[in-house]
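Engineer: Got a structure for you, written out below as structure tokens; questions coming shortly.
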């Protein structure tokens with residue numbers, strides 16, 4: 643009988659310790675902050691971006707590197723676009739809103 647009471651007391655103490663550990667906040671700083679900060683600062687923009695151009699009206703499809711601020715007219719002339727697609731202004735700067743970050747480089751993919 644005495645052994646049974648001792649076992650019950652030990653189990654109760656173990657449950658109390660586990661409950662306290664689960665309820666109390668962690669004293670260690672979360673590791674996610676450091677990971678997010680490293681990824682945010684890992685890639686820098688050097689002022690250039692790549693454009694991959696393909697399509698039926700492109701005579702020289704491929705991947706081209708441009709300086710930020712390049713116009714669609716410059717892009718179309720390098721890629722050999724035979725006719726300007728509707729919706730594009732040759733004097734407008736290439737829009738970077740659809741560019742994606744791939745292996746540390748900003749890439750825009752156009753199918754004309």
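Numbering (the numbering used here), first residue to last: 643 to 754.
By construction, the Cβ of each residue, glycine as well, lies at the ideal position given by its N, Cα and C atoms.
This one's a predicted model, so the numbers in the text were calculated from it and none came from an experiment.
Of all the options 738, 644 and 721, which has the alpha carbon lying nearest to the alpha carbon of residue 702?
Structural biologist: Taking only the C-alpha atoms, the option nearest residue 702 is 721.
Engineer: Suppose the cutoff is 8 Å on Cβ atoms and the five residues either side in sequence are ignored; what does the same chain contact list for residue 700 look like?
Structural biologist: Here the set comprises 721, 722, 723, 724 and 754.
Engineer: Apart from the five residues just before and just after residue 697, which ones in its own chain have a Cβ nearer than 6 Å to its Cβ?
Structural biologist: Taken in chain order, the residues that qualify are 753 and 754.
Engineer: Who are residue 707's beta bridge partners in DSSP?
Structural biologist: Its beta-bridge partners are 692.
Engineer: Can you find the residues in the same chain that come closer than 8 Å, C-beta to C-beta, to residue 734, ignoring five residues on each side of it along the sequence?
Structural biologist: Within the same chain, residue 734 has close Cβ partners 713 and 714.
Engineer: Please classify residue 693 as buried or exposed, where buried requires at least 16 other C-beta atoms within 10 Å of its C-beta.
Structural biologist: Residue 693 should be labelled buried.
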